[in-house]
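Note sheet for the following structure.
Numbering (full-length UniProt numbering), first residue to last: 1 to 358.
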């Protein structure tokens, strides 16, 4: 029957109709877009492999770029830190005026270290300070030897600033002092003294200070002996310490904590509280004119007067041979007891010895 029906349709010219109603409905349903549910993209196996391979390749390229950038930065850091071979490394060079100033400071430094060593050695409570100053003097000698050994082969006439003219004499002096000089520690009659009176110098130390060429700057000679600090002692500021305080206020002004820096680097024997009280007292309206008050008002420092005259190595001599106006009061009173003397001579050494031996 089906064959007959197909033959009839062909002869009558009817189009061939297929029974695919459900499939047509499905096709219409699939052609309508669904805006609420996103369609899932599915790739065939070759396309998925291709995309995965591309993603893996891009990821590897990114990792390689990151590694190249990090290695380039490291190389730049190394090149910036590493000195260039075509440039000669820079060294500290001082002009003539700076060398002269440094020479004077080194000579004064050696004198002050030696003085502190002698005075600290005269007090058993200051043995640590005596040992420290001795180490500092020996370090200067070590630095001088190293510098000479480094430059002597290139310049036989080389002179290092680590070896001022009074360094060798200072080293010999402290050796002789420790082996030959004995300080008299016998108890003395207790005499009630004013609170402001300072202890006198031991006579052996006073003799050495007056007659040795190591102490070439009379202005720096001590005025009294050293004593261990008593916690109950009242804080006292010298004029030189006030100058250092003003200098610290100027140079540490832009820092967050200037007073701790002044206490750490300039006035190590003073606490931050003591500096605060000193600044407050010096800047009061009723306080006399002083360097700290001047700086607070003008933000400038006055020209500071040099406390020592410049002395060249060929000019050095003991304090007893210096001009009277440069001597401390205790040396003046011994050398010139009754009359002023403008030009001390070597004869004063014998007079000094007689006075100290009493």
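The beta-carbon is built from N, C-alpha and C at its ideal position, and this holds for glycine as well.
Is the beta carbon of residue i sitting closer than 7 Å to the one on residue j?
i	j	result
residue 310	residue 104	yes
residue 144	residue 130	no
residue 272	residue 258	no
residue 291	residue 246	yes
residue 212	residue 318	yes
residue 327	residue 156	no
residue 202	residue 333	no
residue 282	residue 293	yes
residue 220	residue 111	yes
residue 278	residue 236	no
residue 304	residue 210	no
Give the DSSP-derived three-state secondary structure of residue i in the structure shown.
i	result
residue 146	helix
residue 181	coil
residue 349	Bear in mind that the predicted position of residue 349 carries a pLDDT of just 49, short of 50, making it unreliable; the figure below should be weighed with that in mind. In the structure shown, residue 349 sits in a helix (DSSP, three-state: H, G or I).
residue 362	There is simply no residue 362 to check, as the chain begins at 1 and stops at 358 in what is shown.
residue 216	coil
residue 414	Nothing in the structure corresponds to residue 414, since the chain is present only between 1 and 358.
residue 266	coil
residue 115	helix
residue 57	helix
residue 292	helix
residue 176	helix
residue 136	helix
residue 206	helix
residue 101	helix
residue 329	helix
Using the Cα positions of residue i and residue j, report the straight-line distance between them to the nearest angstrom.
i	j	result
residue 231	residue 253	30 Å
residue 256	residue 249	12 Å
residue 166	residue 175	14 Å
residue 91	residue 99	15 Å
residue 234	residue 286	22 Å
residue 97	residue 170	26 Å
residue 314	residue 162	17 Å
residue 308	residue 95	22 Å
residue 140	residue 101	18 Å
residue 181	residue 276	43 Å
residue 228	residue 127	10 Å
residue 63	residue 73	16 Å
residue 284	residue 297	12 Å
residue 150	residue 142	12 Å
residue 152	residue 159	9 Å
residue 321	residue 280	43 Å
Drop a sphere of 10 angstroms on the beta-carbon of residue i, count the other beta-carbons inside from all chains shown, and report buried for 16 or more, exposed for fewer.
i	result
residue 200	exposed
residue 133	buried
residue 28	Residue placement at residue 28 is poorly supported in this model, since its pLDDT is 49, which falls under 50; the coordinates still yield a value, given next. Exposed is the call here.
residue 125	exposed
residue 71	exposed
residue 205	buried
residue 195	Unreliable positioning characterises residue 195 in this predicted model, as indicated by a pLDDT of 49, which lies under 50. A coordinate reading is not provided.
residue 75	exposed
residue 137	buried
residue 335	buried
residue 164	buried
residue 65	exposed
For a cutoff of 7 Å on Cβ pairs, would you count residue i as touching chain C?
i	result
residue 155	Included in the structure is just one protein chain, with no chain C present.
- Contact between the region 213 to 228 and the region 248 to 268: three or more CB pairs below 8 Å? no
- Task: Inspect the CB distances between the region 201 to 216 and the region 109 to 125 and report whether three or more fall short of 8 Å.
- Result: yes
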